[in-house]
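Colleague:
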Amino acid sequence: GLFSVYRQWASEVVILQKFLSAPSGVITNNPNEADLFVVPYLGKADCAESGNAGQDPCWGKCKCATAIKHLFGELRHYNWQTRGRHLFLATGDTKDLPVEIQGGGD
Numbered sequence: 247g248l249f250s251v252y253r254q255w256a257s258e259v260v261i262l263q264k265f266l267s268a269p270s271g272v273i274t275n276n277p278n279e280a281d282l283f284v285v286p287y288l289g290k291a292d293c294a295e296s297g298n299a300g301q302d303p304c305w306g307k308c309k310c311a312t313a314i315k316h317l318f319g320e321l322r323h324y325n326w327q328t329r330g331r332h333l334f335l336a337t338g339d340t341k342d343l344p345v346e347i348q349g350g351g352d
């Protein structure tokens, strides 16, 4: 079909599915055993769908994202020491992601 930037956002779902289908013993529920925390937040999809119910997606730092506003309250193991071990699934340019998950420096 025709090219669409929406395809790259759909890849967030595919990547999450790959993580969730990992072989036995790879995924743990014990945060002390975890090397990486995969956060099932689909960053760019939130930006695209939150802008006027998907009819007018927001761009540029994605100020209209809705799920991100509640995300960090749900991440029990996210703190200053573990923040570098949290993987947020977000496609697209960093500058166009919600500022909360852009990373950045200390």
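Residues 247 to 352 (this note's numbering) are what the sequence shown spells out, left to right. Just so you know, even glycine gets a beta-carbon here, dropped at the ideal spot from N, CA and C. As the structure is a prediction and not an experimental result, all values here were calculated from the model.
1) With which residues is residue 345 paired in a DSSP beta bridge?
2) Of all the options 282, 289 and 293, which has the alpha carbon lying nearest to the alpha carbon of residue 331?
3) DSSP puts residue 283 in a beta bridge; with which residues?
4) Can you grab the Cα-Cα spacing for the pair residue 271 / residue 280, in whole Å?
5) Where residue 255 and residue 347 are concerned, what is the direct C-alpha to C-alpha distance, given to the nearest angstrom?
6) Quick one: grab the DSSP three-state call for residue 352.
7) Only counting the same chain, and skipping five residues up and downstream in sequence, which positions put a Cβ closer than 6 Å to that of residue 277?
8) Would you check if the distance between the CB atom of residue 335 and the CB atom of residue 258 is smaller than 8 Å?
9) Going by other Cβ atoms of all chains shown within 10 Å of its Cβ, with 16 needed for buried, is residue 352 buried or exposed?
Modeller: For this structure:
1) Residue 345 pairs with nothing; no bridge assigned.
2) 282
3) 332
4) 11 Å
5) 16 Å
6) With a pLDDT of only 46 at residue 352, under 50, the local geometry of the prediction cannot be trusted, and no value is derived from it.
7) 323
8) yes
9) Residue placement at residue 352 is poorly supported in this model, since its pLDDT is 46, which falls under 50; the coordinates are not used for a value here.
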